[in-house]
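Quick note, the sequences are listed as chains A and B, same order. Letter by letter, the first sequence follows residues 159 to 275 in the numbering used here. Letter by letter, the second sequence follows residues 388 to 497 in the numbering used here. Take a look at the structure below.
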Amino acid sequence: GAVVSQHPSWVICKSGTSVKIECRSLDFQATTMFWYRQFPKQSLMLMATSNEGSKATYEQGVEKDKFLINHASLTLSTLTVTSAHPEDSSFYICSARGTGGGEDTQYFGPGTRLTVL
Amino acid sequence: DAKTTQPPSMDCAEGRAANLPCNHSTISGNEYVYWYRQIHSQGPQYIIHGLKNNETNEMASLIITEDRKSSTLILPHATLRDTAVYYCIVRPSGYSTLTFGKGTMLLVSP
Chain A
159 GAVVSQHPSW VICKSGTSVK IECRSLDFQA TTMFWYRQFP KQSLMLMATS NEGSKATYEQ
219 GVEKDKFLIN HASLTLSTLT VTSAHPEDSS FYICSARGTG GGEDTQYFGP GTRLTVL
Chain B
388 DAKTTQPPSM DCAEGRAANL PCNHSTISGN EYVYWYRQIH SQGPQYIIHG LKNNETNEMA
448 SLIITEDRKS STLILPHATL RDTAVYYCIV RPSGYSTLTF GKGTMLLVSP
């Protein structure tokens, strides 16, 4: 299957700082990328959907000014958690879907564990 | 999107076949059935998907009933590394995203 990478795999930061997470599709072009969040013992929750070159679409309840998403190219999307607080500590997972018509499978990155102190 | 119902947990002995059921009785004609799994502290891994025909790949087989209201994911020879949460998701064709439910926690034991 296609490969999606994330960097960093884990990060610890102080409250009030910003953290950037990168998501790359390594062997395919991703017209659409998705960002999910997963709290302990819960399922994945979609945060936002982004299309290359367009503004991201955020799910209800997700603050767009706090979670900045940039999808500047067909292989890279970034999520910046601004002014992070302890309640933002979570497992952030990106996903990418390829170009082309028909049924395109969505592939997931390995996730980034964010801990805010 | 059609909703799915899966048992919260299942056990399987190593080397035996693991049959994971999924009910999607409200599925519509243009919705695919997708299976993913998530091993602890990792991102979800794509397993297989299908529309109405049975599908098989190197990881698993997907059996979809003729009325499409349910499906079964089969891992033919489960190993300890198959211990994970398995998600059954239905998604319309086109460009909508995947919505995750609670899935089935499969525990493979020696």
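Glycine included, every Cβ here is placed at the ideal spot set by N, Cα and C.
Check, Outcome
"How should H427(B) be labelled, buried or exposed, when 16 other C-beta atoms within 10 angstroms of its C-beta is the threshold for buried?", "exposed"
"Between W168(A) and the rest of its own chain, which residues show a CB-CB distance below 6 Å, the 5 nearest in sequence each way excluded?", "R271"
"What's the gap between the Cα of S458(B) and the Cα of I476(B)?", "11 Å"
"Can you grab the Cα-Cα spacing for the pair W394(B) / N228(A), in whole Å?", "The question names Trp, yet the displayed sequence has Pro at residue 394(B). Cα to Cα, the separation comes out at about 38 Å."
"Along the beta strand (DSSP E) that carries Q196(A), what are the first and last residues, could you check?", "188–196"
"Could you tell me if T236(A) is buried or exposed, where buried requires 16 or more neighbouring beta carbons within 10 angstroms of its beta carbon?", "buried"
"Only counting the same chain, and skipping five residues up and downstream in sequence, which positions put a Cβ closer than 7 Å to that of D262(A)?", "R255, G256"
"Taking only beta-carbon atoms, is K439(B) less than 8 Å away from chain A?", "no"
"Should F225(A) go down as buried or exposed, given a rule of 16 or more other Cβ atoms within 10 Å for buried?", "buried"
"Below 8 Å between beta carbons: does that hold for L449(B) and V420(B)?", "yes"
"Would you report the Cα separation of R403(B) and G174(A), rounded to the nearest angstrom?", "51 Å"
"Got a sec: is the Cβ-Cβ distance from Y433(B) to anything in chain A below 8 Å?", "yes"
"At a CB distance below 9 Å, what residues from the segment 388–411 of chain B approach chain A? Give them in sequence order.", "none"
"If you follow the beta strand (DSSP E) that R455(B) is part of, which residue opens it and which one closes it?", "Element bounds for R455(B): n/a, residue is neither H nor E."
"So, using beta-carbon positions, are Y194(A) and S253(A) closer together than 8 Å?", "yes"
"Is there contact between the segment 207–216 of chain A and the segment 410–424 of chain B, where contact requires at least three CB pairs shorter than 8 Å?", "no"
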